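Notes for the one structure printed next.
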Amino acid sequence: MPADSFDAIIIGAGQAGTPLSYALAEAGRRVAFIESDFLGGSCINYGCAPTKALLASAQRAHHVRTAGALGIKAPEPVVDFGAVIERMHTLRQNSRDSLHRKITEDRDGITLIRGWARFTAPHTLQVALVGGGEQQLTAPLIFINTGTSAAVPNIEGLADSGYLTSDSLLLHLTKQPEHLLILGGSYIGVEFSQMFRRLGSRVTVIDSKPRMMSREDADVSHPLEECLTESGVGLVLSAETRRVTRAADGTITLTVTTKDGERRLHGSHLLVAVGREPNTRDLGLEHTNITLNKKGYIEVNEHLQTGTRGVYALGDVKGGPQFTHVSYDDYRIVRDALLHNSKRTTADRPLPYVVFTEPQLGRIGLSKNQAKEQGLAYRVSRLPVRTIGRAVQTGETDGFIEVLVGEDDRLLGAAVFCEQGGEIMTMFQLAMAGKLRYQDLQDMILAHPTWAEVLNNAFQRLKPGE
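Per the UniProt record's numbering, the sequence shown runs over residues 1 to 466.
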């Protein structure tokens, strides 16, 4: 079978591959764009967009329930779970349709191919087409943007339990869980636990670690745990799940071992949220010089180049922090290198992220533990949110703002756990990008009363890090 020749091939329509297809096509390159599933990658289909649509509904229900604290009498909200899910599906489908138009109608030079790609040589791909048949493609530039899938642990009985992952839940769940068991207490587990509790489900989170969000400093994760437990989320920590069973009536039982002995936890649904694994298994990488790390992620250099010349890996499939904004920056690095002769790399780029609980947790730069591990001298200030005027006026007084300052008076990092935490964190990120001293923020005239005024006040309790 003769190969169809292109200037570039992109495997996977995620948040790096999609804009790269636009940029290359606009530069006059002939692009083959291969996708076996939905357009948009995990962000549009299983991640940011659908979860934040559900979170918006959950937060609105919570605001109605708590309106009495501001003098507004309202009946207990009635959650129409079907309507909540339908809204999420509609928003997601709108995004998919928009992407399809941009790829197939709005731009010349992009050929969308539906199928599963596999290397047969360093620059040759065999594509098993959706609906049958095969197509062989070749190009001097190939970009792998195949992303990740939900990891599923090897636990007795789990495979036959009818468990959900964040992927399958967001695609197929139609009935509100009466009692949702969540296996995993990291970012996905935390967001989903508060979301479903506010939508009216009972929720229990089970994690093998002694605390939620264990990668964070303990005094960051503990307030988040308190927030969840106060809302009625059950936490079973330092617990090893040994067995999963499903009864005839659909009840799921987890048998877990804790420091207090064996426990049996019963629920109507089980969400497995223990992490992600790369989609690299069936790519035929043995026909290339591409190497994988011990977790199966593609190894790349700081230019996102693999071990095969002209082949790049972008987004989650290369490992590292798995965020949409990181994937998008991967695209910009490759685009600028290929089309604009830029030398920017992945080295030392900032990695902001937000956990979209309420309050939000926004993080940028170094945590206290990371600063200690690097042997950096730092000062730290931790400001309770209840001292902020805007917080008092709105009733959003939970949380804290913590900033780390180096010996040169410039910010090393920030953890912002409060209302608008992601937006406030971004202001600290801008200050870090501009290399401002903390005194510049402390003395800046900021409009009153705004959340931004925290930039004036965040440094008033600076003391040496321990």
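Note that the Cβ used here is the ideal one computed from N, Cα and C, for glycine as well.
Note that the structure is predicted; figures quoted are calculated from it, not measured.
Contact under 8 Å by Cβ, residue i with residue j
| i | j | result |
| --- | --- | --- |
| proline 352 | glutamine 429 | yes |
| threonine 124 | threonine 138 | yes |
| glycine 315 | glutamine 15 | yes |
| threonine 258 | alanine 239 | yes |
| serine 193 | isoleucine 182 | yes |
| leucine 271 | threonine 280 | no |
| threonine 397 | arginine 382 | no |
| proline 223 | phenylalanine 417 | yes |
| arginine 60 | glutamate 76 | no |
| alanine 25 | aspartate 108 | yes |
| tyrosine 46 | leucine 170 | yes |
| residue 469 | alanine 273 | Any question about residue 469 goes unanswered here, given that the chain covers just 1 to 466. |
| alanine 371 | leucine 411 | no |
| serine 161 | alanine 150 | no |
| threonine 346 | glutamate 286 | no |
| leucine 164 | histidine 266 | no |
Neighbourhood of residue i by C-beta, 6 Å cutoff - its chain only, sequence neighbours within 5 removed
| i | result |
| --- | --- |
| alanine 415 | Val220, Arg363, Glu402 |
| alanine 377 | Glu407 |
| glycine 389 | Pro449 |
| phenylalanine 6 | Arg30, Ala32, Ala139 |
| tyrosine 438 | Val405, Asp409, Phe459 |
| threonine 288 | Phe119, Pro122, Thr308 |
| serine 208 | Glu240 |
| valine 233 | Ser193, Arg197, Val203 |
| tryptophan 116 | Ser36, Ala128 |
| valine 130 | Arg114, Gly115 |
Residue range of the unbroken beta strand (DSSP E) whose run includes residue i
| i | result |
| --- | --- |
| valine 31 | 31-35 |
| glutamate 240 | 240-246 |
| histidine 269 | 269-272 |
| glycine 41 | No beta strand (DSSP E) contains glycine 41, which is instead part of the alpha helix (DSSP H) from 41-45. |
| glycine 362 | 360-365 |
| glycine 250 | Looking at the DSSP string, glycine 250 is not in any beta strand (DSSP E), and its letter there is neither H nor E. |
| glycine 465 | Taken as a continuous stretch (DSSP letters only), glycine 465 belongs to no beta strand (DSSP E), as it is neither H nor E. |
Contacting residues, own chain, Cβ-Cβ under 7 Å from residue i (five flanking each side not counted)
| i | result |
| --- | --- |
| glycine 157 | Arg243, Val244, Thr245 |
| arginine 344 | Ile333, Asp336 |
| serine 201 | Gln176, Pro177, Glu178, His179, Leu180 |
| isoleucine 44 | Arg92, Ser95, Arg96 |
| proline 384 | Phe400 |
| alanine 67 | Ala74 |
| glutamine 442 | Asn456, Phe459 |
| leucine 446 | Ala452, Glu453, Leu455, Asn456 |
| threonine 255 | Arg242, Arg243, Glu262, Arg264 |
| glutamate 225 | Arg211, Met212, Leu235 |
| alanine 27 | Leu339 |
| arginine 379 | Val405, Leu462, Lys463, Pro464, Gly465 |
| glutamine 126 | Arg118, Thr120, Glu134, Gln136 |
Whole-number beta carbon distance between residue j and residue i, since they are thought to touch under 8 Å
| i | j | result |
| --- | --- | --- |
| valine 203 | glycine 185 | Actually they are not in contact, since the Cβ atoms of valine 203 and glycine 185 sit about 12 Å apart, beyond 8 Å. |
| leucine 404 | glycine 365 | 7 Å |
| asparagine 145 | glycine 12 | 4 Å |
| tyrosine 297 | leucine 304 | About 13 Å separates the two Cβ atoms, so there is no contact after all. |
| leucine 39 | methionine 88 | With 8 Å as the limit, leucine 39 and methionine 88 do not qualify as a contact, their Cβ atoms being about 17 Å apart. |
| valine 317 | glycine 147 | 6 Å |
| alanine 74 | arginine 198 | Incorrect: roughly 15 Å between the Cβ atoms, too far for contact. |
| lysine 295 | glycine 319 | 7 Å |
| phenylalanine 143 | alanine 8 | 7 Å |
| leucine 141 | glycine 395 | Actually they do not touch by this definition, with Cβ atoms about 54 Å apart. |
| valine 354 | methionine 427 | So it is not a contact: roughly 13 Å between Cβ atoms. |
| glutamate 216 | serine 367 | 7 Å |
| glycine 422 | glutamine 322 | Contact doesn't hold; Cβ gap of about 17 Å is too wide. |
8 Å Cβ shell around residue i - same chain, five flanking residues per side excluded
| i | result |
| --- | --- |
| lysine 52 | Phe356 |
| alanine 218 | Arg211 |
| methionine 444 | Leu455, Asn456 |
| proline 350 | Ile364, Gly365, Gln429, Met432, Ala433 |
| glycine 82 | Thr174 |
Continuous alpha helix (DSSP H) stretch holding residue i: start and end
| i | result |
| --- | --- |
| proline 352 | Per DSSP, proline 352 belongs to no alpha helix (DSSP H) and is neither H nor E. |
| glutamate 191 | 187-198 |
| glutamine 59 | 48-65 |
| threonine 104 | 81-104 |
| threonine 394 | 389-394 |
| valine 220 | 218-230 |
| threonine 18 | 17-26 |
| leucine 455 | 454-457 |
| glutamine 370 | 368-373 |
beta-carbon residue i near the ligand SAH non-hydrogen atom, thresh 7 Å
| i | result |
| --- | --- |
| threonine 345 | The model depicted lacks the ligand SAH and carries no ligand whatsoever. |
Any chain C beta carbon closer than 8 Å to residue i
| i | result |
| --- | --- |
| leucine 265 | Within the model displayed, chain C is absent; a lone protein chain is all it includes. |
Report the residue ranges of all beta strand (DSSP E) runs contained in full by the segment 410-451; include only those spanning at least 3 residues, in chain order. 411-418
In chain order, each beta strand (DSSP E) run of at least 3 residues that lies wholly inside the segment 134-181: 134-138, 141-144, 148-150
Quick one: which unbroken alpha helix (DSSP H) runs of 4-plus residues sit fully inside the segment 260-342? Chain order, please. 324-339
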